[in-house]
DNA sequence: TAATACTTGACTATTTTAGTCGGGTATATA
DNA sequence: TATATACCCGACTAAAATAGTCAAGTATTA
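Chains as they are written, first to last, in the working numbering: chain H, 164 to 303; chain W, 164 to 303.
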């Protein structure tokens, strides 16, 4: 069970943005430099964030990206769903009658994974982008 | 964020075993048939479960594997740690002074991932193998 | 002694991840 | 209006992880 870089970078980048005055565009180039994330990779990520209405873009000189809402109102779960497809724990379809590769009575553990999925999503639902900023300054 | 088959199969296989009288060996071949998991793959998995003292082996005819403890006393977290290496959310080392790829002040999100890791491990700590059996029979 | 079943390490195909790249388009400002 | 900036977008690729296979054993029991 592992977190991918896309999710991690997305949260890092948005947290980075949150530290500056909202409503003035921040370029990916700046974020790239500050967070040492590849510019090209950030472009990919922000395309998804834009499609999911988490940021909007401002093109041209002095352009960049702007948060669509106050960090207080941006759940981490939204960011994850935008960038990562989803938290996935089971292979088999959720409500298929067949379920679990066509064999019946097999998935004793099916409900467990569903529960885990809900549990994890719950974590992200209860965290806001703004929560990351309160954190005390790191001393290194 | 995804769960791998090894973890899933391990739990499925052990849950399968729990439904039979403890202390009499259950062969991987049987588990393989009942749960439709490749025998070879199960062998790999059970090697790890054995190394981690979750099961013991009985060789020879009528041999198989036996749970070392009552399912009430087997935490899912143990199974996970045995089979999967670990729940991992961060790339950077936990307590390194450098931290986060050598750049300072970068990992605003570091503590978040740590927190998530604890949160998930907590889920598995509180689930016992026996908890899976109580579940009502599935109707497909 | 034959059959069963664990033991172990090596091997492989496929998929996913992480990231790169090229050739765009829009816009502010000099 | 020219130009530099910065988003836009799809295609591509290397490397790692995953999922699974296989072969050649050893131990045990009937």
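The beta carbon of each residue, even a glycine, is placed where N, CA and C say it ideally should be.
Asked: For residue 231/W and residue 202/H, the rounded distance between their alpha carbons; Found: 52 Å
Asked: Contact with chain W by residue 204/H, beta-carbon distance below 7 Å; Found: no
Asked: Cutoff 7 Å: residue 271/H Cβ touching any chain W Cβ; Found: yes
Asked: Helix, strand or coil at residue 172/W according to DSSP, with G and I counted as helix; Found: helix
Asked: Beta strand (DSSP E) segment containing residue 219/W, residue limits; Found: 218-221
Asked: Residue 230/W: first and last residue of the uninterrupted beta strand (DSSP E) it sits in; Found: 227-230
Asked: 7 Å Cβ cutoff, residue 218/W in contact with chain H; Found: no
Asked: Helix, strand or coil at residue 200/H [DSSP, three-state]; Found: coil
Asked: Stretch pair the segment 198-216 of chain W + the segment 281-294 of chain H: three plus CB contacts closer than 8 Å; Found: no
Asked: Selected residue, minimal CA-CA separation from residue 275/W, among 253/W, 210/W, 223/W, 292/W; Found: 253/W
Asked: C-beta neighbour in chain W for residue 209/H, strict 7 Å; Found: no
Asked: Buried versus exposed call for residue 217/H [16 or more other C-beta atoms within 10 Å across all chains shown]; Found: buried
Asked: Beta carbon of residue 219/W nearer than 7 Å to that of residue 229/W; Found: yes
Asked: Three-state class that DSSP yields for residue 189/H in the structure shown; Found: strand
Asked: Contact set between residue 178/H and chain W, taken where Cβ atoms lie within less than 8 Å; Found: 271, 272
Asked: Where residue 166/H falls, given that 16 or more other Cβ within 10 Å makes a residue buried; Found: buried
Asked: Euclidean distance between Cα positions of residue 169/H and residue 206/H; Found: 11 Å
Asked: CB contact below 7 Å: residue 257/W versus chain H; Found: Its pLDDT being 46, under 50, residue 257/W is placed unreliably in this model, and the value from its coordinates should be taken loosely. By this cut-off, residue 257/W is not an interface position.
Asked: Alpha-carbon to alpha-carbon, residue 177/H and residue 225/W; Found: 59 Å
Asked: Nearest-angstrom Cα separation, counted from residue 245/W out to residue 236/H; Found: 39 Å
Asked: Residue 296/W burial status per 10 Å Cβ neighbour count (16 or more: buried); Found: exposed
Asked: Contact set for residue 212/H: own chain, Cβ-Cβ below 6 Å, skip 5 residues either direction; Found: 218, 245
Asked: Closest by C-alpha distance to residue 186/H, when choosing among 164/H, 249/H, 221/H; Found: 221/H
Asked: First through last residue of the alpha helix (DSSP H) which encompasses residue 281/W; Found: 273-288
Asked: C-beta neighbour in chain H for residue 266/W, strict 7 Å; Found: Reliability fails at residue 266/W, whose pLDDT of 44 lies under 50, so the model's placement of it is uncertain and no value is given.
Asked: Backbone secondary structure at residue 251/H - three-state DSSP; Found: strand
Asked: Identity of the residues DSSP links to residue 291/H by a beta bridge; Found: 238/H
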